[in-house]
Amino acid sequence: MKQTASKKNWKTKLYQIIYEADTPAGKWFDIVLIIAILSSILFVMLESVESFNAKYHDFLNIAEWVITILFTLEYFTRIMVIKKPTKYIFSFYGIIDFLATIPKYISLIFLGTHFLVALRALRLLRVFRILKLTRYLGASFNLMTALKASRIKIAVFLFSVFIITIILGTIMYLVEGPENGFTSIPHSMYWAIVTLTTVGYGDLAPHTPFGQFIASIVMILGYGIIAVPTGIVTSAITAQDLKTQTHTQTCPHCLADSHISNAEFCHHCGQKLNDE
Numbered sequence: 344m345k346q347t348a349s350k351k352n353w354k355t356k357l358y359q360i361i362y363e364a365d366t367p368a369g370k371w372f373d374i375v376l377i378i379a380i381l382s383s384i385l386f387v388m389l390e391s392v393e394s395f396n397a398k399y400h401d402f403l404n405i406a407e408w409v410i411t412i413l414f415t416l417e418y419f420t421r422i423m424v425i426k427k428p429t430k431y432i433f434s435f436y437g438i439i440d441f442l443a444t445i446p447k448y449i450s451l452i453f454l455g456t457h458f459l460v461a462l463r464a465l466r467l468l469r470v471f472r473i474l475k476l477t478r479y480l481g482a483s484f485n486l487m488t489a490l491k492a493s494r495i496k497i498a499v500f501l502f503s504v505f506i507i508t509i510i511l512g513t514i515m516y517l518v519e520g521p522e523n524g525f526t527s528i529p530h531s532m533y534w535a536i537v538t539l540t541t542v543g544y545g546d547l548a549p550h551t552p553f554g555q556f557i558a559s560i561v562m563i564l565g566y567g568i569i570a571v572p573t574g575i576v577t578s579a580i581t582a583q584d585l586k587t588q589t590h591t592q593t594c595p596h597c598l599a600d601s602h603i604s605n606a607e608f609c610h611h612c613g614q615k616l617n618d619e
């Protein structure tokens with residue numbers, strides 16, 4: 344019984360270190376993981392520089408293999424400490440971790456594919472779990488909620504912009520004409536979009552005084568159009584309960600995260616978060 348309890352306690356502690364960032368050990372694990380990922384990406388980038396690779400090829404290759412082996416051990420450890428391994432293996436992060444680990448092994452069979460280890464950049468998504476960034480987790484949740492709440496208003500706004508673009512494109516086609524580069528209404532609509540968004544590539548511009556007057560109005564209108572969706576989303580964020588606090592604890596049963604502080608049960612599967 345003691346041996347079984349000791350084994351369970353060991354797995355629980357290792358699980359907390361690997362999957363959570365609420366403990367000092369968990370924070371350090373995530374920090375080391377991010378450093379390893381960044382180092383791996385840097386090595387791949389340097390290896391693509393022919394002069395640097397010719398001089399330090401052996402070092403880069405050995406360093407990449409060391410990191411690959413460490414990631415392999417980490418991947419299997421994640422599977423070992425979780426209660427339902429398939430939940431991790433087929434989860435978003437599980438697939439990303441697998442894709443970030445196998446390229447170096449594939450390069451043993453198919454030459455030149457080792458550059459695929461740049462896929463490890465996707466693992467940097469875990470950076471949001473470092474140092475218990477609860478305010479960022481909460482802010483991202485509020486932003487997603489605000490976007491969902493504003494989706495109808497934003498859709499109506501975009502449709503209105505589309506109609507305005509058609510009208511402006513038609514007007515500029517009639518005012519400027521093909522002789523000034525406005526060869527068709529779709530081409531004129533392209534100019535209207537570029538001008539409204541204040542990008543201004545300069546590859547197409549009105550030449551007549553009236554066309555330039557219209558362009559001036561469109562440029563000023565563009566600043567207002569940019570401000571509208573910002574105001575819509577901002578008002579929606581303000582309406583959210585910004586005091587909701589979340590933490591990085593992950594459910595050991597379904598791997599759901601972003602739980603409310605002091606939560607005892609998973610908001611996704613209903614299982615107890617801490618079985619200790």
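FYI, the numbering used here numbers position 8 of the sequence shown as 351, with every residue one higher than the one before it. Think of the CB as a built atom: it goes at the ideal place given N, C-alpha and C, for glycine as much as any other residue. Fair warning: this is a prediction, and the values are worked out from it, not measured in the lab.
Where residue i and residue j are concerned, what is the direct C-alpha to C-alpha distance, given to the nearest angstrom?
{"i": "F453", "j": "E407", "result": "17 Å"}
{"i": "M562", "j": "I536", "result": "10 Å"}
{"i": "P549", "j": "E522", "result": "10 Å"}
{"i": "Q555", "j": "A498", "result": "30 Å"}
{"i": "I425", "j": "Y431", "result": "8 Å"}
{"i": "M487", "j": "T526", "result": "42 Å"}
{"i": "K475", "j": "T429", "result": "Its pLDDT being 47, under 50, K475 is placed unreliably by the model, and nothing is read from it."}
{"i": "I510", "j": "A489", "result": "31 Å"}
{"i": "N435", "j": "Y448", "result": "In the sequence under discussion, the amino acid at residue 435 is Phe, which differs from the Asn named in the question. Each residue's Cα considered, the two are about 21 Å apart."}
{"i": "S450", "j": "Q359", "result": "33 Å"}
{"i": "P572", "j": "D440", "result": "36 Å"}
{"i": "A492", "j": "S394", "result": "53 Å"}
{"i": "A570", "j": "K496", "result": "14 Å"}
{"i": "I405", "j": "V542", "result": "46 Å"}
{"i": "C612", "j": "K427", "result": "13 Å"}
{"i": "I422", "j": "K354", "result": "11 Å"}
{"i": "F502", "j": "I568", "result": "12 Å"}
{"i": "K586", "j": "K398", "result": "Residue placement at K586 cannot be trusted, given a pLDDT of 46 that sits under 50; what the coordinates show is reported in the next sentence. K586 and K398: Cα-Cα distance of roughly 55 Å."}
{"i": "I438", "j": "Y418", "result": "10 Å"}
{"i": "V392", "j": "K370", "result": "34 Å"}
{"i": "K615", "j": "R494", "result": "34 Å"}
{"i": "T477", "j": "F500", "result": "Residue placement at T477 is poorly supported in this model, since its pLDDT is 48, which falls under 50; the coordinates are not used for a value here."}
{"i": "W534", "j": "T508", "result": "9 Å"}
Below 8 Å between beta carbons: does that hold for residue i and residue j?
{"i": "T540", "j": "V518", "result": "no"}
{"i": "F372", "j": "I361", "result": "yes"}
{"i": "I514", "j": "I560", "result": "no"}
{"i": "M532", "j": "G512", "result": "yes"}
{"i": "T538", "j": "G520", "result": "no"}
{"i": "I528", "j": "Y516", "result": "yes"}
Just grab the DSSP bridge partners of residue i for me.
{"i": "F608", "result": "K615"}
Assuming residue i and residue j form a contact by the criterion Cβ under 8 Å, report the distance between their Cβ atoms to the nearest whole angstrom.
{"i": "L381", "j": "L403", "result": "Actually they do not touch by this definition, with Cβ atoms about 15 Å apart."}
{"i": "G524", "j": "L547", "result": "5 Å"}
I want to know whether the region 433 to 444 touches the region 398 to 417 - three or more CB-CB distances under 8 Å. yes
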